[in-house]
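Data first, discussion second: the structure below is written as structure tokens.
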Amino acid sequence: DRRARLWTSTDMSHFPGRAPPAPPSGFDDSGLDMRAIKQAGGKVLPGGDGVIIGGWKVRARNTRILGKDALEALEKTLGTSHLPEMVYGSTLELTHESTGVRLHFNAEDALKEWLEEGLPPLKVAAAAVWEKGHKARFGDEMPKAAKGKTGDAWNDEEETDKYDWTFTTPYRGSVSVDDGAGAGTTGTDASRPTPSLWTDTEQRVDRGMLMERDPILFFDELTLYESELDDNGLMSLTVKVRVMPRCWYVLMRHWMRVDGVLIRLRETRFFHRVGTPPGEGSVVVRESARREETFEGLRMRGAPSEPGQYPDADEAASVLLAAGGPVEMEYH
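Just so we're aligned, residue 19 is where the sequence shown starts under this note's numbering, counting upward by one.
Shown next, in the form of structure tokens:
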């Protein structure tokens, strides 16, 4: 029920918010507050899977886990026969209607960047258990990273210690431009990738505005992929979006916990203030944060150091922030 999610999705530890106000009247069957959307000058998209506000079309599509045919197609595209245990076809798109600039999030692009980054595998005892579990599910064939730029498939000569089996990705969303924006053409068929539009900035996400008691016009949470790492921990890549009358906000988070070894958290926040004055363009602020801690390092600092104290991404983010460990920040 979208209404329940709207009023329980403002936990400060993961989505800057405030004590939830009483739900206003005016919700329709889709769970959207039609009265608040109308007062904000917005529109609801057909099907209720998004809204248009301040010249931005925000659409979230939540899907089930990909089936066999879809997974095989994804494997072929990526050049790998190994994927996380659960991959979803869910997507989030935010399109600036007048320019055609589209910010979107999907599992395929995230996994492409996982392959490209090629982090060294964790050298841990749990890797042996992982290999045993992998063979139990998939047989003796073991995956390998794609060779060079040729996209060669996995073969059975590679071992699990040759690639990053935690699926950690540097992905921070995809940007494309709809060439038909000015001609009335819409949809992904007319869009093309574009060179990075991000530049360094002194601007920051306006957390004060996010904590105001403005009505939430639209909220959704999507999982792009996740895994239990064969009982060695947890890993997930998720995206959350919140739209209010004066701004929209997106939080994308990749987090990974290998029990007793390492916690890794990569967060990217996107913020846009609706109603930018003429001449200033449509500005989206992007903040990126990377945190990585060993359980031994946490223990030595007196911080929580048991896997059970990091049960999910929200708790991990909250505890790591309170622990005050090292963090890499970028602002665009």
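Idealized CB from N, CA, C, for every residue including glycine.
Every unbroken beta strand (DSSP E) within the segment 63-147, with a cutoff of 3 residues, ordered by chain: 68-71, 74-79, 109-114, 119-123
Which residues in the same chain as residue 331 place their Cβ atom closer than 8 Å to its Cβ, once the five residues preceding and following it in sequence are excluded? 32, 254, 256, 271, 273, 283
Express the C-alpha separation of residue 129 and residue 286 in angstroms, rounding to a whole number. 16 Å
Out of curiosity, what's the CA-to-CA distance linking residue 241 and residue 275? 17 Å
Is the Cβ-Cβ distance between residue 77 and residue 103 less than 8 Å? no
Contact under 8 Å by Cβ, residue 72 with residue 195: no
Helix, strand or coil: how does DSSP classify residue 313 here? helix
Nearest-angstrom Cα separation, counted from residue 139 out to residue 63: 43 Å
Across which residues does DSSP place residue 281 in a beta bridge pair? 275, 311
How is residue 324 classed by DSSP in three states: helix, strand or coil? coil
Using a threshold of 8 Å, state whether the C-beta atoms of residue 14 and residue 134 are closer than that. The displayed coordinates of the chain run from 19 to 350. Any statement about residue 14 would go beyond what the structure contains.
Which residues bound the beta strand (DSSP E) around residue 337? Taken as a continuous stretch (DSSP letters only), residue 337 belongs to no beta strand (DSSP E), being part of the alpha helix (DSSP H) at 331-341.
Compare the Cα-Cα distances from residue 55 to each of 319, 193, 261, 326 and report the closest residue. 261
If you reduce the DSSP assignment to three classes, tell me which class residue 253 lands in. strand
Go to residue 228, then tell me how far its alpha helix (DSSP H) extends in each direction, as first and last residue. 225-228
Considering residue 355, what are the terminal residues of the beta strand (DSSP E) in which it resides? Here the chain comprises residues numbered 19 to 350, so residue 355 is not present and cannot be evaluated.
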